[in-house]
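Participant:
In my numbering, the protein residues as written are 2 to 45.
Right, dumping it as structure tokens:
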């Protein structure tokens, strides 16, 4: 998606793990299942 949009800088994807270690979307509160972070990420 980011590549198709031509974005070359970082992007904010709006997820947090303040919910007991589960990653959730900050808008809808739905659990996010993503594990392909870049090296050293996420930095929060």
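All C-beta atoms in this analysis are idealised placements derived from N, C-alpha and C, irrespective of residue type, glycine included.
Using only alpha-carbon positions, find the residue among 21, 33 and 40 that is nearest to residue 14.
Facilitator: 33
Participant: How is the beta strand (DSSP E) around residue 26 delimited, first residue to last?
Facilitator: 23-26
Participant: Straight-line CA distance for residue 25 to residue 39?
Facilitator: Rounded to whole angstroms, residue 25 and residue 39 show a C-alpha spacing of 18 Å.
Participant: What is the DSSP secondary structure of residue 17, reduced to helix, strand or coil?
Facilitator: strand
Participant: Beta-carbon within less than 8 Å of residue 16's beta-carbon, same chain only, minus the 5 sequence neighbours each way: which residues are those?
Facilitator: 24, 25, 26, 27, 33 and 35
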